[in-house]
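Protein chains in written order, with our numbering: chain A, 1 to 155; chain B, 1001 to 1155. Presented below is the structure to which this report refers.
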DNA sequence: AACTATTAGTTTCATATGTAACTATTTGAC
DNA sequence: GTCAAATAGTTACATATGAAACTAATAGTT
């Protein structure tokens, strides 16, 4: 009589966290290569651009909150983009610790090219799903995000 | 008359690739901290353990294919796990370049603890969805994965 | 006003990761 | 059999990333 081989079966390919990770990496990598090739921007830099374009005068801390980046990553992305001439920093008049960030004209030019590009890529991707499926996906991702939220009773 | 502010609107929080990335990172980080805390294993090492436990004698290249890791990452994970005493390497008798990998008894002990733990975490996560929603999610992720597949006409 | 705690952001340092170069072995063509 | 090309895996190097320490400014307490 042969032993029972496995306690229970784990197939990595079917493991939800693995599948999510591979899917997300595939998509991120492909989109990132677009920004990088066209404008020399990393994903982090692109995120900073996206929120600064939408909210001129935003601070680094706020950027971190809106982009799920930690403050070190934000700081570095900002520094690089100032260097590239895409971003400008002023110190807040009411709070000397706070910086206020703005796209330069050159930065805004890139922003205005990049936004439709990003939306186009998303569209391309989403168009593999029906309207209804897209809504479903949103909903399911929302539920998972809640379930995985870090301020939950530990698994 | 005010200028038209944006070419078209991009809200990062609603941007599918961003949402996927944040969700996947949240889940991966939480699960990774379990393996790490309990057994000192990184995600990569854990992936290697998962497939080696399932297919004793597997080669590094095959591990790479099954885990979506590149060969350098695989090589490093294997080296670390041999160091830790969880993995054993033999050289294939029919092909001297090829290595064959096996869990040591200690490695198998960990494997047998880790598998139910991983499945439990997945279960916990998946249980936020109904059976039906889980199937839906599988399906939608499959479609997205096809759409994002790197051997597709460039976006 | 003086002192402590908090907040914004940067820098430092140690580690992780990816690309390219490398070694060893095998395969295939001649 | 010999040599070029391909394959398995490792190493080296350059860059990215994260945690913790640090600087500067503000807020809150007395």
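Ideal Cβ placement from N, Cα and C applies to all residues, glycine included. In this text the structure is predicted, and so the values were computed from the model without any measurement.
Neighbour flag for residue i against chain B, beta carbons, 8 Å
i, result
"residue 137 (chain A)", "yes"
"residue 106 (chain A)", "no"
"residue 3 (chain A)", "Reliability of the predicted coordinates at residue 3 (chain A) is poor, the pLDDT of 41 falling under 50, and the value obtained from them is presented with this limitation in mind. No, because no Cβ of chain B sits closer than 8 Å to the Cβ of residue 3 (chain A)."
"residue 23 (chain A)", "yes"
"residue 94 (chain A)", "no"
"residue 81 (chain A)", "no"
"residue 87 (chain A)", "no"
"residue 126 (chain A)", "yes"
"residue 101 (chain A)", "no"
"residue 115 (chain A)", "yes"
"residue 19 (chain A)", "yes"
Beta-carbon proximity of residue i to residue j, cut-off 8 Å
i, j, result
"residue 101 (chain A)", "residue 87 (chain A)", "yes"
"residue 50 (chain A)", "residue 1009 (chain B)", "no"
"residue 949 (chain B)", "residue 1053 (chain B)", "Absent from the structure is residue 949 (chain B), since the part of chain B shown begins at 1001 and ends at 1155."
"residue 23 (chain A)", "residue 1141 (chain B)", "yes"
"residue 1085 (chain B)", "residue 1074 (chain B)", "no"
"residue 26 (chain A)", "residue 1148 (chain B)", "yes"
"residue 1031 (chain B)", "residue 1121 (chain B)", "yes"
"residue 1048 (chain B)", "residue 1082 (chain B)", "no"
"residue 144 (chain A)", "residue 1128 (chain B)", "yes"
"residue 1060 (chain B)", "residue 1092 (chain B)", "no"
"residue 208 (chain A)", "residue 1134 (chain B)", "Because chain A is modelled from 1 through 155, residue 208 (chain A) falls outside the range shown and cannot be assessed."
"residue 15 (chain A)", "residue 110 (chain A)", "no"
For residue i: DSSP bridge partner residues
i, result
"residue 1088 (chain B)", "B:1102"
"residue 31 (chain A)", "None; residue 31 (chain A) has no bridge partner."
"residue 1078 (chain B)", "Residue 1078 (chain B) is not bridged to any residue."
"residue 58 (chain A)", "A:101"
Any chain A beta carbon closer than 8 Å to residue i
i, result
"residue 1071 (chain B)", "no"
"residue 1146 (chain B)", "yes"
"residue 1119 (chain B)", "yes"
"residue 1015 (chain B)", "yes"
"residue 1028 (chain B)", "yes"
"residue 1090 (chain B)", "no"
"residue 1133 (chain B)", "yes"
"residue 1078 (chain B)", "no"
"residue 1141 (chain B)", "yes"
"residue 1010 (chain B)", "yes"
Environment of residue i [buried if 16+ CB atoms lie within 10 Å]
i, result
"residue 6 (chain A)", "Note that residue 6 (chain A) scores 45 on pLDDT, short of 50, meaning its location in the model is unreliable; the coordinates nonetheless yield the value given after this. Result: exposed."
"residue 113 (chain A)", "exposed"
"residue 116 (chain A)", "exposed"
"residue 157 (chain A)", "Since the first and last residues shown for chain A are 1 and 155, residue 157 (chain A) lies out of range."
"residue 1021 (chain B)", "buried"
"residue 45 (chain A)", "buried"
"residue 1037 (chain B)", "exposed"
"residue 72 (chain A)", "exposed"
"residue 1097 (chain B)", "exposed"
"residue 1055 (chain B)", "exposed"
"residue 19 (chain A)", "buried"
Distance cut-off 7 Å: residue i Cβ against heavy atoms of the ligand ADP
i, result
"residue 9 (chain A)", "The model on display carries no ligand, and the ligand ADP is accordingly not part of it."
Near-chain B residues of the stretch 36 to 67 of chain A - C-beta to any C-beta below 9 Å: 43, 47, 50, 51, 53, 54, 66 and 67
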